Amino acid sequence: MTIEVIPLPINREIDIGDNLVSLVASSKQKLQDGDILVLSQKIISKHEGRIVNLSTVIPSILALGIGSEYDKDPKLVEVILSESKRIVRMENGIIIVETNNGFICANAGVDESNVGEGYATLLPLDPDKSARIIQNEIFKKTGKKIAVLISDTFGRPFRMGQTDCAIGVAGMDSIIDYQGIKDTYGRLLKVTAIAIADELCSASELVKGKLNSSPAAIIRNYKFLDKEGTIQSLLRPRDEDLFR
């Protein structure tokens, strides 16, 4: 199988309420049936108004204490806390949390990059819902049946560097479970499950990049099942997690 990963430039800043579907549909790269559209979290957050003006934030006593101890802006810390279920670990100025959506990541995905001075973006409230809305609007506008992934950049325990992972999915499974299938030697696979949504998002980052104007990509010729997946399938249950 040969797949294509095609950058989809959007040559302007995204503002609250912008019609993302029109911007995608007007690109020179036209969507085809069976494509997977990968959109960076940042443009979804901007589109949905998930932006906070840090000057309006009043830090709590806890945020003030954490900010002082870890040399972080207490207003930023307050936003991180508000987006978190719990703090997993704090060290060297890094706050690892479990977000309200269940992701384990640094700073709850709160990000000051590629946004105006004094502002920060937050993760979408419901990334799966965001992906479904875009998928449906694409179909209404173009008649094309596609899958949609929303990607964000995560660090990884025990490995250096970051990689793009899926935080929202629509129109396909986020994981492929090979349990019960025989390998090439005839042995039954017991625990092999491939995080395909993460792998596709990582592939898209190779053409999107952080410094250019391609916050979206099209993955073409990857054969996926047309079904309604969810990002929750990729989140390991607490009782199966060896590191919590």
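Residue numbers are given in this note's numbering: position 195 of the sequence shown equals residue 1084, and the series is strictly consecutive.
Glycine included, each C-beta is placed from N, C-alpha and C at the ideal position.
Everything numeric in this text was worked out from a predicted model, so none of it was measured.
Coil, strand or helix - residue i by DSSP
i	result
residue 914	helix
residue 952	helix
residue 998	helix
residue 1055	strand
residue 893	strand
residue 901	coil
residue 1081	coil
residue 1064	coil
residue 978	strand
residue 1123	helix
residue 1131	coil
Start-to-end residues for the beta strand (DSSP E) that takes in residue i
i	result
residue 867	Coverage of the chain is limited to positions 890 through 1133, which leaves residue 867 absent and any answer about it impossible.
residue 1085	Unbroken run through residue 1085 is the alpha helix (DSSP H), 1085 to 1097; no beta strand (DSSP E).
residue 1108	1105 to 1109
residue 940	940 to 942
residue 985	983 to 988
residue 1010	1008 to 1010
Of the residues the options, the one placed nearest residue i, counting alpha carbons only
i	options	result
residue 897	970, 891, 1088 and 932	932
residue 998	1028, 1040, 1035 and 958	1040
residue 1032	914, 902 and 905	914
residue 1106	910, 918, 1081 and 954	918
residue 965	1018, 1083 and 941	941
residue 922	1113, 954, 1088 and 1000	1113
residue 911	1045, 891, 894 and 936	936
residue 902	892, 890 and 929	929
residue 970	982, 981, 962 and 952	952
residue 1025	962, 1054, 1058 and 905	1058
residue 934	950, 905 and 956	905
residue 1043	1014, 1094 and 1079	1094
residue 1054	1081, 1005, 977 and 1085	1085
residue 1015	1127, 1038 and 968	1038
Residue i classed as buried or exposed, judged by whether at least 16 other C-beta atoms fall within 10 angstroms
i	result
residue 944	exposed
residue 1145	There is simply no residue 1145 to check, as the chain begins at 890 and stops at 1133 in what is shown.
residue 1125	exposed
residue 1049	exposed
residue 1020	buried
residue 990	buried
Bounding residues of the alpha helix (DSSP H) (the contiguous stretch that carries residue i)
i	result
residue 1017	1016 to 1031
residue 964	963 to 971
residue 934	930 to 936
Residues of its chain near residue i, where Cβ-Cβ distance is below 7 Å and the 5 sequence neighbours each way are ignored
i	result
residue 1003	931
residue 982	959, 960 and 961
Residues near residue i by beta carbon distance below 8 Å, same chain, minus five either side
i	result
residue 920	913, 914, 926, 1027, 1031, 1033, 1035 and 1107
residue 988	972, 973, 974, 994, 997, 998 and 1012
residue 1008	940, 941, 942, 943 and 1001
Cutoff 6 Å; reference residue i; Cβ partners in own chain excluding five residues on either side
i	result
residue 1109	893 and 924
residue 1117	none
residue 1076	none
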